[in-house]
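K.L.:
Got a structure for you, questions after.
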Amino acid sequence: MAQVRESDAAKQRVQHFINGKVVDGGERSFPVYNPATGESNCEVSLADAATTRRAIEAARDALPGWQRVTPLNRARIMFRFKTLIEERADDIARLITSEHGKVFEDARGELTRGLEVVEFACGIPHLLKGEHSLNVGTNVDSHSMMQPVGVCAGITPFNFPAMVPMWMFPVAIACGNTFVLKPSEKDPSVPLYMAELLKEAGLPDGVFNVVNGDKVSVDALLTDPDVAAVSFVGSTPIAEYIYSTGCAHGKRVQALGGAKNHLVAMPDADLDQTVDALMGAAYGSAGERCMAISVAVAVGDEVADALIQRLKPKVENLRIGDGLAEKGLEMGPLVTREHLEKVSGYIGLGIEEGAEAVVDGRKRAFPDTEGYFIGGTLFDRVTTDMRIYKEEIFGPVLAVVRVPDYETAVKIINEHEFGNGVAIFTRDGDAARQFSQDIQVGMVGVNVPIPVPMAFHSFGGWKRSLFGPLHMHGPDGVRFYTKMKTVTSRWPTGVRSGSEFVMPTMK
Ligand code: NAD
1 MAQVRESDAA KQRVQHFING KVVDGGERSF PVYNPATGES NCEVSLADAA TTRRAIEAAR
61 DALPGWQRVT PLNRARIMFR FKTLIEERAD DIARLITSEH GKVFEDARGE LTRGLEVVEF
121 ACGIPHLLKG EHSLNVGTNV DSHSMMQPVG VCAGITPFNF PAMVPMWMFP VAIACGNTFV
181 LKPSEKDPSV PLYMAELLKE AGLPDGVFNV VNGDKVSVDA LLTDPDVAAV SFVGSTPIAE
241 YIYSTGCAHG KRVQALGGAK NHLVAMPDAD LDQTVDALMG AAYGSAGERC MAISVAVAVG
301 DEVADALIQR LKPKVENLRI GDGLAEKGLE MGPLVTREHL EKVSGYIGLG IEEGAEAVVD
361 GRKRAFPDTE GYFIGGTLFD RVTTDMRIYK EEIFGPVLAV VRVPDYETAV KIINEHEFGN
421 GVAIFTRDGD AARQFSQDIQ VGMVGVNVPI PVPMAFHSFG GWKRSLFGPL HMHGPDGVRF
481 YTKMKTVTSR WPTGVRSGSE FVMPTMK
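Counted from 1, the sequence shown has number 212 at position 212 by full-length UniProt numbering; the numbering is strictly sequential.
Structure below.
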């Protein structure tokens, strides 16, 4: 692998990847920490508008050549990229853990979910076949072709530094577009590694570029006339800003936002299965997942009491530590000190609001480290007027809400601002079927706690969890990254009949 971090006097510096080369650009920089130790041994360079423009120009100039490469040959590059990722999976996972903090096995899992989108993109010749109708009128045929939209930009969050960029660029470039990725400044190394691997796989220079940065580079992408499409994943206020600004500048935009995902435990649910599901979905990756379950909706006090009783010892005894130093861990640290303070603040707020802190993660001691660790928190008797219920905490905090019946469970979920993921745990097929239809949420799990659709389906929430009509990857991904053109043709026999002066209707 080529160097993605160039030596600086004291610290390594994570740069940009433009037109096939690692380049510097931008006076400003931002420290990147290892969340498990609190140490920073590298800085990420923050691109200025001119550096961002260089990346856009590289993508614009590479576009005509890349569009001419046949879908089959684009797919062959994707196949080579897939093999390289598989070969370097441990290196990539270690890089994820060292900057994000999630435990190593979880980092491998994230990479696998991203790899599945590369596998999907390997099938691009089939996905771009378009449509054809013979004889839409007498001796008139129609066919639709799917053409690339142009230069696409991706802006991604810290919580999946490999997977979320991989929701976007494999499909975009396989469709014949070129791409500029602006990853999170908190864990920027993995996307640069991906750029190196794509080059090694044979991707021509300029087709995939990475600019590291913050709002300055994001705004440059959103307003540049050479950018045709923007994909965003991050928090809801920024998603809304990206959507409105990008659309105002004539781009197609898909902007995925925040979440508050509920798991409904019905009275007939298998409680052991439900508890295991809640533990993994609420505390895995320290709750820093857009599909994390942060609310357990217990239908009936009996279910609530049983859940609390089973969850309490498990939450108290979560195996937490440095994912690079230990195996078999369940949870790592939070991503930054600021985020640790924010999550701690929410726990204090929950107690002030009157929720019952069955386990208070702030009380768990981590004496031998400066890392951003916190224990798991479990709240009981959370009500829907509390801020800890309404707002996304994005940490290892599970709120139990008690409701009397199924109808109330559905009502509170449907009234929530977010609609990303949801799950129901039950043995009753009829209840599950009704729930799947009634619930105002984009991704639904039936006895599955984190219902992230596979790469050949599309990923996206409802309500303020997604701005724009199209979800990510799968069929929607192909639609987002292509423009449909429909050709209607008639050959000489039709012309023989002479000119027609009335509005054409098919005969
Ligand atoms: P964030 O919104 O702070 O940042 C996301 C991206 O936007 C980053 O690249 C960042 O540099 C950029 N950004 C931040 N502030 C900006 C501004 N003012 N103007 C322009 N760009 C800006 O999100 P985050 O903290 O990195 O990630 C966590 C959030 O992402 C959570 O809300 C989580 O739910 C959400 N998320 C959603 C999904 C989903 O599929 N819906 C998936 C993953 C994460």
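For every residue, glycine included, the Cβ atom is placed at its ideal position computed from N, Cα and C.
Any idea if M331 is buried or exposed, counting beta-carbon neighbours within 10 angstroms, 16 or more meaning buried?
P.N.:
Result: buried.
K.L.:
Under the criterion of a Cβ to heavy atom distance below 6 angstroms, does I85 qualify as lining the ligand NAD?
P.N.:
Not so, every heavy atom of the ligand NAD lies at least 6 angstroms from the Cβ.
K.L.:
Per DSSP, what are the beta-bridge partners of W462 in this structure?
P.N.:
Looking at the DSSP assignment, W462 forms a beta bridge with G419.
K.L.:
Going by beta carbon distance, what residues of the same chain come within less than 7 angstroms of N135, once the five residues before and after it are set aside?
P.N.:
Only D141 meet the Cβ criterion.
K.L.:
In the DSSP assignment, find the alpha helix (DSSP H) that holds S285 and state where it starts and stops.
P.N.:
Careful: S285 lies outside any alpha helix (DSSP H) and carries neither H nor E.
K.L.:
What distance in whole Å lies between the Cβ atoms of D272 and R427, which are believed to be in contact at a cut-off of 8 angstroms?
P.N.:
At roughly 13 angstroms, the Cβ-Cβ gap does not stay under 8 angstroms, so R427 and D272 are not in contact.
K.L.:
Distance, Cα to Cα, V487 vs R80?
P.N.:
Approximately 34 angstroms, taken between the alpha carbons.
K.L.:
Around the Cβ of L221, are there at least 16 other Cβ atoms within 10 angstroms (buried) or fewer (exposed)?
P.N.:
By the neighbour-count rule (16 or more Cβ atoms within 10 Å), L221 is buried.
K.L.:
Taking buried to mean at least 16 other C-beta atoms within 10 Å of its own C-beta, is D8 buried or exposed?
P.N.:
Note that D8 scores a pLDDT of 44, beneath 50, so its modelled location is shaky and nothing firm can be said.
K.L.:
Once DSSP output is grouped into helix, strand and coil, what is the label at T383?
P.N.:
Coil, per DSSP.
K.L.:
Within the stretch 251 to 319, note down every full alpha helix (DSSP H) run reaching 4 residues or more, in order along the chain.
P.N.:
271 to 283, 301 to 316, all fully within the stretch 251 to 319.
K.L.:
Tell me where the beta strand (DSSP E) around Q12 begins and ends.
P.N.:
It spans 12 to 14 - the beta strand (DSSP E) in which Q12 sits, taken as one unbroken run.
K.L.:
Nearest to V211 by CA position, among P453, H16, R387, is which residue?
P.N.:
Of P453, H16, R387, the residue nearest in Cα terms is H16.
K.L.:
Could you tell me which whole alpha helix (DSSP H) segments of length 4 or greater appear in the stretch 76 to 140?
P.N.:
Fully enclosed alpha helix (DSSP H) runs of 4 or longer: 89 to 100, 104 to 121, 124 to 127.
K.L.:
Using 10 angstroms around the beta-carbon of M443, count the other beta-carbons present and answer buried if the total reaches 16, otherwise exposed.
P.N.:
Buried.
K.L.:
Using DSSP with H/G/I as helix, E/B as strand and the rest coil, what is E500?
P.N.:
Three-state result, E500: coil.
K.L.:
Compute the Euclidean distance between the alpha carbons of residue 510 and T52, then round it to the nearest angstrom.
P.N.:
Since the first residue shown for the chain is 1 and the last is 507, residue 510 is missing from the structure and cannot be characterised.
K.L.:
Residues in its own chain within less than 7 angstroms of R402 by CB, not counting five upstream and five downstream?
P.N.:
Counting only Cβ-Cβ distances below 7 angstroms, and skipping sequence neighbours, we find A298, D301, A304, R381.
K.L.:
Give me, in chain order, the residues of the same chain whose beta-carbon lies closer than 8 angstroms to that of S29; leave out the 5 immediate sequence neighbours on both sides.
P.N.:
Within the same chain, S29 has close Cβ partners R13, E43, V44, S45, L46.
K.L.:
Report all residues from its chain with a CB closer than 7 angstroms to the CB of E119; omit the five preceding and five following residues, and keep chain order.
P.N.:
Counting only Cβ-Cβ distances below 7 angstroms, and skipping sequence neighbours, we find K82, A455.
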